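Taken in order, these protein sequences are the chains called V and F.
Sequence positions in the first sequence follow my numbering and run 29 to 405.
Sequence positions in the second sequence follow my numbering and run 13 to 334.
Using N, Cα and C, we set each Cβ at its ideal position, and we do this for glycine too.
Bear in mind the structure is a predicted one, so any value in this text is a computation, not a measurement.
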Amino acid sequence: MHLLVLYDAPAASNPLRSSVKDLRRAAVAVATAALLLALPAGIAQARTVTDSANRKVVVPEKIERVFAAGPPASILLYVLAPDRMTGWPDPPTVEERPFIGEKWRDLPALGRLTGRGGTANLEVVLKAKPDLILDFGSVRETYVSLAENVQEQTNIPYVLIDGRFEATPAALRLLGDVLGVSERGARLAKYVEDTFVAIDAALAATPIDKRPRVYLARGPDGLETGVVGSINTEIIERAGGRNVAEAVGQKGLVRVSMEQVIVADPEIIITWDRNFFDRIFKDPLWAGIRPVRDGRVYLAPTAPFGWIDRPPSLNRVIGLRWLAGLFYPDRFPEDLRENTRTFYRLFYHVEPTEPQLDTLIAWSKGQAPSRQQPARR
Amino acid sequence: MVLLLLMLAAALVGAYPITFGEFIAAFGQRLTGGTSQDKIHTVLFDIRLPRVFAAVVVGAAVAAAGAAYQTLFRNPLVSPDILGVSTGAGLGAVLGIFLSLPVAAIQLSAFVVGLATVGLVYAIAALVHGREPVLVLVLAGVVVGALAGAAISLLKILADPYDQLPAIVFWLLGSLSAIRRGEVLAAVPLVLIGLFPLVVLRWRINVLSLGDEEAKALGVETGRLRLVVIAAATLITASVVAISGVIGWVGLVIPHIARMAVGPSFDRLLPTATLLGASYLLIVDTLARTMARIEVPIGILTAIIGAPFFLWLLARGREGWS
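See below:
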């Protein structure tokens, strides 16, 4: 009890705290070492890595199995080292499966540990026997404490990586180093950096107030959106657009009214909701909105993962090139088909067939394949 | 009269600036048969006015249903959801969102499942031959409501976390932001059909509030009357919840405030509660759409504004209870 009180006291007022913490850390290290010694030889010594939240995490030298805590982490892991995956958070759908490498599309669904609607059971996590748990996304206090708790409970090292779009290259390098695939990490990071640099170079001459005003429509009625600064809409600014949904002191997803959309007067609408996309052109209310009249409403493909979000992970990189091309058609005359082929080959470990590319390109032009039900098993 | 003024005021404010002159001009054009592709017309006739009417209809409907239930069950803590209509409608809507149905189908599903839930509750209560039919009814409502709530939670877990889950959460918070003319026009006749028996039978319903024994002694067929009231109130609530989502508090608090104003007699309570509910929801919804550049979910506002106001009334005096 006494020890607990010491531990809870603020660090500044209590010099004992840090030494207690050191003691504790040493104890953990000793315990880990003892555990590792007890394991059969072959699993070599530990090393220490520093994650994006500045946490020092002791990980085994060779990491064979990694549990991804949520969909963003699973995609980061899949692009870097698919053989280390223990499973997917959700089972890939019928529509997504062809775009995921054959060896990995049948991995079991183990549930989500973090993020919206956590469904994973810690015992399921343990049963998957991971050497490491990986989360990719927010590195705020909530997620740090969650990581600490899970790490303590399961005795499995838990690494948090910053999921902001801007930090994508750093994330690829960091996880590459952690998993011992630094070369692949660096190669993919280079690809993302080149994409960023190419867009920045082309946009350097365009002042902010000349950039297109974009509304991201979510939900079946299209009146759900993400405000400036939320992880769901980062890609708009990154591709050289301006998000029309601004709200002081608010972040994340919000609802807006039709009237607010009219007042915001966007030039471009992007969505990945096929129901809404079908509806917007038939609906008299939306008919008067500028993007609908100008034919600048765009539907993002979502196979195997969403092009602009859903989840916010590496999958956004292909969407970034696509969006930049839509925002500035004359400045990015790139070949979307070839870009898509390269990206899917490089990141998703698949060689898309010509019909598959046809599907994706048609989809990105608004001709989505009809939904195959049931979407989830 | 106050309600009409409020409606006019509400129609004049909003994100899109419209002056009084433009407002009159637009109306004049409409009345003389002229049509215009002007933005003002779209904003006024397709967005703002339907929403103003929706707030009035939804507020009036849930307040009337709440007043009917509170009289029927002789309990001031009863809300229109006591027999599970909103929870059932919520389940229907969540199911619709989960299956990625278009909006109209989601609303239909909410309406149908809402009605079916209360039907189920009534059937269960009818099968149980207890000596306290009202108590059995309430208990069945609580149990079925809890089941529907559990089903909603299950669907939330299974739903796509990036797509469907936010839509579900926003629906359950309630909002009039996506309302359109056709939906209001579809809901109004259903609400009127539900209100009709309540108005016609207002004296008998009043007798019902005396208790079963007394009502029977006065020659009122309590069982059948109760069925009629439940059916009417359920129809009213289900048809508005289907278009607005779950908007709490109004159906509970407004009948109370009405009772404080005019006493517990149902023939006066019903019109007072209906008008108060309409005005209240109109004010709250106008705030919801003008306070910020985004929508404030109306369910949050009804509680934040309603709760302190109610407490204040409660502290001020307790006339007209019983």
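Return the residue from the list the options that minimises the CA-CA distance to residue i.
{"i": "F/S221", "options": "F/A76, F/L15, F/L24, F/L84", "result": "F/L84"}
{"i": "F/D172", "options": "V/T368, V/D237, V/T121, V/D222", "result": "V/T121"}
{"i": "V/R124", "options": "V/K155, V/N82, V/V345, V/W335", "result": "Checking the displayed sequence, the identity of residue 124 of chain V turns out to be Glu instead of Arg. The shortest C-alpha separation from V/E124 is found at V/W335."}
{"i": "F/V253", "options": "F/V97, F/V68, F/A179", "result": "F/V97"}
{"i": "V/I263", "options": "V/G347, V/L251, V/P117, V/W391", "result": "V/G347"}
{"i": "F/S10", "options": "F/A290, F/P283, F/M272, F/I259", "result": "Outside the modelled stretch of chain F, which goes from 13 to 334, sits residue 10 of chain F, for which no answer is possible."}
{"i": "V/L281", "options": "V/D337, V/R302, V/T234, V/V291", "result": "V/D337"}
{"i": "V/K238", "options": "V/L244, V/P294, V/G250, V/E252", "result": "V/P294"}
{"i": "V/D228", "options": "V/Y356, V/E92, V/V289", "result": "V/Y356"}
{"i": "V/Y186", "options": "V/K218, V/L216, V/D222, V/T142", "result": "V/T142"}
{"i": "V/Q73", "options": "V/P88, V/P100, V/D79", "result": "V/P88"}
{"i": "F/A285", "options": "F/V296, F/I295, F/M272", "result": "F/M272"}
{"i": "F/Q176", "options": "F/A79, F/L16, F/L24, F/L113", "result": "F/L113"}
{"i": "V/L327", "options": "V/R344, V/P248, V/G394, V/P110", "result": "V/G394"}
{"i": "V/R215", "options": "V/L374, V/V256, V/L313", "result": "V/L374"}
{"i": "F/A21", "options": "F/I295, F/V274, F/G311, F/I317", "result": "F/I295"}
{"i": "V/L364", "options": "V/Y372, V/Y376, V/H377, V/W350", "result": "V/W350"}
{"i": "F/L202", "options": "F/V140, F/I191, F/F123", "result": "F/F123"}
{"i": "V/A137", "options": "V/L104, V/S173, V/P99", "result": "V/P99"}
{"i": "F/G157", "options": "F/G71, F/R86, F/T129", "result": "F/T129"}
Residues of chain V with a CB under 8 Å from the CB of residue i: which are they?
{"i": "F/R301", "result": "S285, E287, Q288"}
{"i": "F/I118", "result": "P248"}
{"i": "F/F39", "result": "Correct list: empty, because the minimum Cβ distance to chain V is about 18 Å."}
Just reading off the alpha helix (DSSP H) that residue i is part of, what are its end residues?
{"i": "F/E195", "result": "193-212"}
{"i": "F/I109", "result": "97-110"}
{"i": "V/D111", "result": "Careful: V/D111 lies outside any alpha helix (DSSP H) and carries neither H nor E."}
{"i": "F/K168", "result": "145-170"}
{"i": "V/R212", "result": "210-231"}
{"i": "F/R305", "result": "Per DSSP, F/R305 belongs to no alpha helix (DSSP H) and is neither H nor E."}
{"i": "V/N260", "result": "From DSSP, V/N260 is part of no alpha helix (DSSP H); its letter is neither H nor E."}
{"i": "V/Q73", "result": "First-last for V/Q73: undefined, no H or E at that position."}
{"i": "V/K310", "result": "Element bounds for V/K310: n/a, residue is neither H nor E."}
{"i": "V/R365", "result": "364-376"}
{"i": "F/G40", "result": "32-43"}
{"i": "F/T54", "result": "Counting along the chain, F/T54 falls outside any alpha helix (DSSP H), and DSSP gives it neither H nor E."}
In whole angstroms, give me the CA-to-CA distance for residue i and residue j.
{"i": "F/L159", "j": "V/V152", "result": "28 Å"}
{"i": "V/D159", "j": "V/F193", "result": "27 Å"}
{"i": "V/R270", "j": "V/F164", "result": "25 Å"}
{"i": "V/E176", "j": "V/A148", "result": "17 Å"}
{"i": "F/A327", "j": "F/P320", "result": "10 Å"}
{"i": "V/L135", "j": "F/P178", "result": "27 Å"}
{"i": "F/K168", "j": "F/I180", "result": "7 Å"}
{"i": "V/R321", "j": "V/A315", "result": "6 Å"}
{"i": "V/A69", "j": "V/K90", "result": "Low per-residue confidence applies at V/A69: pLDDT is 42, beneath 50, and the placement is therefore not dependable enough to give any value."}
{"i": "V/E211", "j": "V/T387", "result": "32 Å"}
{"i": "V/L63", "j": "V/N183", "result": "For V/L63, the pLDDT reaches just 49, beneath the cut-off of 50, and the residue's location in the model is therefore unreliable, leaving the point undetermined."}
{"i": "F/A244", "j": "F/I36", "result": "38 Å"}
{"i": "V/L65", "j": "V/A81", "result": "Because V/L65 carries a pLDDT of 47, less than 50, the predicted location of this residue cannot be relied on, and no value is offered for it."}
{"i": "V/I308", "j": "V/T223", "result": "31 Å"}
{"i": "V/V77", "j": "V/W132", "result": "27 Å"}
{"i": "F/A315", "j": "F/L95", "result": "21 Å"}
{"i": "V/T299", "j": "V/V242", "result": "11 Å"}
{"i": "V/G353", "j": "F/G161", "result": "46 Å"}
{"i": "F/I136", "j": "F/T234", "result": "18 Å"}
Just list the residues that DSSP pairs residue i with in beta bridges.
{"i": "F/G275", "result": "Answer is none; F/G275 lacks a bridge partner."}
{"i": "V/A245", "result": "V/T299"}
{"i": "V/E252", "result": "V/R246, V/R283"}
{"i": "V/F164", "result": "V/I189"}
{"i": "V/G125", "result": "This sequence places Arg at residue 125 of chain V; Gly is not what is there. Paired residue(s): none; V/R125 is not in a bridge."}
{"i": "V/K84", "result": "V/T78"}
{"i": "V/N271", "result": "V/V242"}
{"i": "V/A137", "result": "V/W116"}
In chain F, which residues lie with their C-beta within 9 Å of the C-beta of residue i?
{"i": "V/P339", "result": "P173, Y174"}
First and last residue of the beta strand (DSSP E) that includes residue i?
{"i": "V/Y326", "result": "325-327"}
{"i": "V/A96", "result": "94-96"}
{"i": "F/V130", "result": "No beta strand (DSSP E) holds F/V130; the alpha helix (DSSP H) holding it covers 115-139."}
Give a single yes or no on whether residue i has its beta carbon closer than 6 Å to a heavy atom of the ligand MN.
{"i": "V/L154", "result": "Ligands in the displayed structure: none, and consequently the ligand MN is not present."}
For residue i, which residues in chain V fall below 9 Å Cβ to Cβ?
{"i": "F/D297", "result": "What F/D297 touches in chain V: nothing, since even the nearest Cβ is about 10 Å away."}
Using a Cβ cut-off of 8 Å, pull out every chain F residue sitting near residue i, in sequence order please.
{"i": "V/L313", "result": "T54, D58, I59, R192"}
{"i": "V/V94", "result": "Simply none; closest approach about 21 Å."}
Can you name the residues of chain F whose CB is closer than 7 Å to the CB of residue i?
{"i": "V/L251", "result": "S189, A190"}
Which chain V residues are close to residue i, counting only those with a beta carbon under 7 Å from its beta carbon?
{"i": "F/R305", "result": "E274, A275, Q288"}
Output yes if chain B places a C-beta closer than 7 Å to the C-beta of residue i; else output no.
{"i": "F/G26", "result": "Here the protein chains are V and F, and chain B is not one of them."}
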